[in-house]
Ligand code: NAD
Ligand code: DAU
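Numbering (my numbering), first residue to last: 3 to 360.
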């Protein structure tokens with residue numbers, strides 16, 4: 003039995019689907035269903051007897067204590083977070099509340115539950131913190147990729163809040179002996195991602211005939227990881243990761259944002275050509291940069307590759323094609339998540355960025 007927080011978000015829902023498809027055992031999923039959480043993403047397993055969904059906040063200690071006592075999980079996979087960098091710049095409060103205070107309360111509940119477990123179960127328990135490469139800050143063009151030994155240098159309220167939660171997880175292991183694991187992962191993409199992040203936003207805007215917003219010069223670099231590869235990595239770490247350790251997970255696919263967007267346009271041009279015969283590339287629009295925009299992320303995954311024999315299976319090109327096709331085939335899912343709150347966020351984020359068509 004696993005307790006999965008943030009199970010209705012992008013990576014959490016992919017993880018639940020992956021875990022159940024692989025016969026991994028029962029799950030109780032906890033999610034507050036913020037704007038980023040969508041039960042529709044779990045529709046294929048919502049009636050599965052191996053899956054129980056609970057709507058609630060990770061910071062609700064009474065609820066989490068009850069869930070732990072009732073379901074007796076052998077591990078907690080902690081995905082729940084506020085996760086969008088631009089939102090953290092507009093309003094950091096929710097990021098502090100969920101990512102720091104929420105993780106602290108979850109750790110306290112986990113510690114109370116774990117310390118009361120009988121001897122054989124206590125050392126087998128795991129608390130897995132799903133974190134990000136953004137805690138390491140920004141790389142120069144020739145810097146080596148982020149290894150687990152790299153010092154934390156978070157630059158946005160989002161990454162600072164994730165860094166704070168990682169430090170709490172570390173302290174709970176060091177001080178109380180809670181058997182923790184931490185993973186720091188690069189940019190995920192794939193099915194079921196909310197269209198506020200670059201790849202699904204560009205697919206969505208392209209099909210809607212809207213501008214494809216490129217922040218700054220479009221030359222910032224991210225290391226892209228197909229979400230299923232991330233889910234396999236989390237499963238490996240849960241199963242065989244060394245307690246107290248951190249594992250960096252990346253896709254070995256560094257790409258400049260502009261190249262990513264060009265590639266999406268090329269796939270769409272082939273799969274769903276525009277009625278006027280022009281390329282979707284003509285919709286690319288350079289807009290004002292993100293304040294404090296990290297220039298480059300890259301991950302050194304040698305530790306997880308060597309210790310746990312994990313490696314990404316999906317190339318960026320095949321993963322992106324699969325992703326674009328998924329969005330083309332699931333327009334109803336997209337419609338369901340892009341109503342009300344989505345529209346007001348898009349107005350807030352892009353209205354102030356005057357755009358010049360590329
Ligand atoms: P997401 O924003 O798509 O989903 C977050 C989920 O958490 C949502 O379902 C939301 O409803 C839920 N949630 C938010 N606050 C909550 C609260 N207080 N209590 C309970 N549930 C709450 O995020 P994601 O992209 O799936 O990211 C999942 C985790 O992975 C996050 O911790 C994020 O920091 C980390 N991460 C993401 C990426 C990425 O590229 N998306 C990369 C590295 C690490
Ligand atoms: O690196 C891991 C992180 O990746 C995760 O921890 C975060 O949760 C996740 O949101 C993601 O952060 P980024 O800021 O890198 O992702 P985003 O998709 O928002 O942006 C990717 C790049 O594209 C970044 O350089 C900013 C740029 N961008 C983004 C948007 C939304 C644009 O140029 N235009 C846009 O409209």
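C-beta: ideal position from N, C-alpha, C; glycine also.
Rounding to the nearest angstrom, what Cα-Cα distance links residue i and residue j in this structure?
i, j, result
"residue 1", "residue 207", "Only positions 3 to 360 of the chain appear in this structure, which leaves residue 1 out of reach."
"residue 44", "residue 165", "29 Å"
"residue 147", "residue 251", "11 Å"
"residue 127", "residue 158", "32 Å"
"residue 129", "residue 172", "11 Å"
"residue 325", "residue 253", "15 Å"
"residue 73", "residue 273", "45 Å"
"residue 204", "residue 120", "51 Å"
"residue 361", "residue 182", "Residue 361 falls outside the range modelled here, since the chain spans only 3 to 360, and no answer is possible."
"residue 116", "residue 138", "30 Å"
"residue 359", "residue 218", "Note on residue 359: pLDDT 46, under 50, position unreliable in the model; the coordinate value appears next. C-alpha separation (whole angstroms): 13 Å."
"residue 265", "residue 67", "47 Å"
"residue 179", "residue 93", "35 Å"
"residue 350", "residue 89", "10 Å"
"residue 60", "residue 97", "13 Å"
"residue 154", "residue 275", "44 Å"
"residue 233", "residue 340", "25 Å"
"residue 14", "residue 75", "17 Å"
"residue 316", "residue 255", "10 Å"
"residue 118", "residue 197", "42 Å"
"residue 26", "residue 54", "14 Å"
"residue 149", "residue 302", "5 Å"
Can you tell me where the alpha helix (DSSP H) holding residue i begins and where it ends?
i, result
"residue 367", "What is shown of the chain runs 3 to 360, which leaves residue 367 out entirely."
"residue 159", "159 to 178"
"residue 339", "333 to 339"
"residue 17", "12 to 23"
"residue 117", "105 to 117"
"residue 46", "Where residue 46 is concerned, there is no enclosing alpha helix (DSSP H), given that its DSSP letter is neither H nor E."
"residue 351", "342 to 353"
"residue 98", "Residue 98 -> no alpha helix (DSSP H), and no H or E assigned at all."
"residue 91", "87 to 92"
"residue 244", "From DSSP, residue 244 is part of no alpha helix (DSSP H); its letter is neither H nor E."
"residue 68", "63 to 73"
Where DSSP assigns a beta bridge to residue i, which residues make up the other side?
i, result
"residue 131", "80, 184"
"residue 31", "6, 55"
"residue 225", "256"
"residue 189", "226"
"residue 251", "187"
"residue 148", "301"
Select from the options the residue whose C-alpha is nearest the C-alpha of residue i.
i, options, result
"residue 200", "209, 215, 211", "215"
"residue 104", "34, 331, 332, 138", "34"
"residue 243", "191, 106, 290, 305", "305"
"residue 283", "277, 271, 328", "271"
"residue 162", "298, 135, 355", "135"
"residue 48", "9, 314, 69, 81", "9"
"residue 191", "12, 3, 115", "12"
"residue 320", "222, 308, 268, 21", "268"
"residue 236", "53, 344, 314, 343", "314"
"residue 338", "5, 37, 144, 32", "37"
"residue 318", "231, 143, 335, 114", "231"
"residue 51", "139, 31, 310", "31"
"residue 65", "116, 111, 354", "111"
"residue 213", "233, 285, 156", "285"
"residue 296", "6, 84, 143", "143"
"residue 238", "347, 309, 99", "309"
"residue 6", "108, 94, 86", "108"
"residue 114", "28, 346, 63, 57", "63"
"residue 224", "248, 246, 262, 241", "262"
"residue 245", "176, 194, 352", "176"
"residue 195", "29, 333, 3", "333"
"residue 361", "77, 46, 53, 83", "With the chain represented from 3 up to 360, any question about residue 361 goes unanswered, as that position is not in the structure."
"residue 222", "342, 140, 279", "140"
"residue 80", "71, 188, 132", "132"
"residue 2", "25, 347, 226", "In the structure displayed, the chain extends from 3 to 360; residue 2 sits before or after that span and is not available."
Starting from residue i, trace the beta strand (DSSP E) both ways and give me its first and last residue.
i, result
"residue 202", "Per DSSP, residue 202 belongs to no beta strand (DSSP E); it is in the alpha helix (DSSP H), 200 to 209."
"residue 217", "214 to 217"
Shorter than 6 Å, the distance from the beta carbon of residue i to the closest heavy atom of the ligand FAD, or not?
i, result
"residue 104", "Annotation note on the ligand FAD: not contained in the displayed structure, which lists the ligand NAD and the ligand DAU as its ligands."
List in chain order the residues whose CB is within less than 6 Å of at least one heavy atom of the ligand DAU.
85, 86, 87, 134, 135, 136, 188, 189, 199, 200, 203, 215, 216, 217, 222, 224, 259, 292, 299
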